[in-house]
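For reference, the structure discussed in these notes is given below.
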Amino acid sequence: MTLDDPITLNKNKLVAEGVERRIYVHPNDPTRLIKIPKIKSDDHYKRWTFGDLTKRFFPSTRTRSITKQHEEYQRQLRESQQSAASLPVSLFYGFAPTNLGTGEIFERVTNDSGENAPTLRDVHDQGDFDINKLNTFVEHLYSLAICVSDLNPANFVYGYRHTEAGQKSPNKSWVLIDGYGDRFAIPIRTLNATTRRYSIDDAFKRSRKLPNLEWNAKERRFQRPTLT
């Protein structure tokens, strides 16, 4: 196999799947994931809604959210003046050809067994966890003014990070793996740090609720539900 040969993936060995992408473990590096965008044909957009009409007649908008995610990642690198490994989002290594189409190569955050790290929903459902570490992660999002669009519990995970060389971090941390970038048609949320922080406020407000965890919008942190 040469560097120009496509990476061979088994389409039946998904490790995760979202609305827009199917996700596989890199066959040559278990510390990386390959995300394959779901490319839909014109026939998929048959409704006479603004969204479907836009995607039908302007095909580039079908991958808008993915494009905006990469733009936000690059903005973070430029403006934060921090190394990519210190950002609270999974590392992005670029694109690579695969037998299933062009893939996006991302850092894989793992659990103790080397499998995909649990999401916030998973950690919540497993029982007690350190809410202070979760709120430290939230503070990091706000301090960097990361533009987000979807902060549902499945979009951040708790586990070991991996450097570009594949070295595992000594401690676990919370990492945002999806849901960032300004996906709206009029990108006002990326105007400045204030509007980007507003995007975080709005995303947490709209995120799916968990029984034993609630969002305190005023203090911008998670807390345990108060007993009444």
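So the sequence shown is numbered by the numbering used here: it starts at 4 and just counts up by one.
Backbone N, C-alpha and C define an ideal beta-carbon position, used for all residues, glycine too.
Taking the beta carbon of residue 81 as the centre, do at least 16 other beta carbons fall within 10 Å, making it buried, or is it exposed?
With fewer than 16 other Cβ atoms within 10 Å, it is exposed.
Can you give the beta carbon distance from residue 156 to residue 210, rounded, assuming they're within the 8 Å contact cut?
Right, their Cβ atoms sit about 7 Å apart.
Between the C-alpha atoms of residue 105 and residue 30, what's the straight-line distance to the nearest angstrom?
If I take the Cα positions, the gap works out to 15 Å.
In the DSSP assignment, what are the bridge partners of residue 28?
36, per the DSSP bridge assignment.
Alpha-carbon to alpha-carbon, residue 154 and residue 138:
Rounded to whole angstroms, residue 138 and residue 154 show a C-alpha spacing of 14 Å.
Per DSSP, residue 161 forms a beta bridge with which residues?
In the DSSP output, where bridge partners are listed per residue, residue 161 has 177.
Does the Cβ of residue 16 have 16 or more other Cβ atoms within 10 Å, making it buried, or fewer, making it exposed?
With fewer than 16 other Cβ atoms inside 10 Å of its own Cβ, residue 16 counts as exposed.
Answer yes or no: do residue 72 and residue 204 have a C-beta to C-beta separation smaller than 9 Å?
Result no, Cβ atoms of residue 72 and residue 204 do not sit closer than 9 Å.
Length of the line joining the Cα atoms of residue 227 and residue 220:
Taking the straight line from one Cα to the other gives about 13 Å.
I'd like the span of the alpha helix (DSSP H) that includes residue 134, first residue to last.
It spans 134 to 147 - the alpha helix (DSSP H) in which residue 134 sits, taken as one unbroken run.
Could you pull the DSSP bridge partners for residue 213 from this structure?
Residue pairing from DSSP places residue 213 in a beta bridge opposite 216.
Judging by CA-CA distance, which residue of 172, 167, 193 and 115 is the nearest neighbour of residue 147?
Of the listed residues, the one whose Cα sits closest to residue 147 is 193.
Sequence-distant residues of the same chain with beta carbon closer than 7 Å to residue 21, five excluded per side:
Sequence-distant Cβ neighbours of residue 21 in its own chain, meaning closer than 7 Å and more than five residues away, are 181.
Alpha-carbon to alpha-carbon, residue 178 and residue 91
Linking residue 91 to residue 178 through their CA atoms gives a straight-line distance of about 5 Å.
Roughly how many angstroms separate the alpha carbons of residue 195 and residue 75, rounded to a whole number?
Going by the C-alpha atoms only, they are around 12 Å apart.
Selected residue, minimal CA-CA separation from residue 214, among 173, 161, 79 and 131:
With respect to the C-alpha of residue 214, the residue from 173, 161, 79 and 131 having the closest C-alpha is 131.
Let's test the definition: count the other Cβ atoms within 10 Å of the Cβ of residue 38 and tell me whether it reaches 16, buried, or not, exposed.
By the neighbour-count rule (16 or more Cβ atoms within 10 Å), residue 38 is buried.
For residue 226: DSSP bridge partner residues
Paired residue(s): 217.
Would the C-beta of residue 173 count as close to the ligand SAH, meaning under 8 Å from any of its heavy atoms?
With respect to small molecules bound, the structure shown includes none, and the ligand SAH cannot be examined in it.
Burial state of residue 42, where buried means 16 or more other Cβ atoms lie within 10 Å:
When all chains shown are included, residue 42 counts as exposed.
With 9 Å set as the bound, which would you pick, yes or no: does the beta-carbon of residue 23 sit closer than that to a beta-carbon of chain B?
Although the question refers to chain B, the structure presented lacks it and comprises just one protein chain.
Hey, how far is the Cα of residue 143 from the Cα of residue 169?
Put simply, the backbone Cα of residue 143 is about 24 Å away from that of residue 169.
With DSSP as the reference, label residue 126 as helix, strand or coil.
In the three-state reduction of the DSSP assignment, residue 126 falls in the helix class.
If you count every other CB in all the chains shown that lies within 10 Å of the CB of residue 107, and 16 or more means buried, which is it?
Around the C-beta of residue 107, 16 or more other C-beta atoms lie within 10 Å, and the residue is accordingly described as buried.
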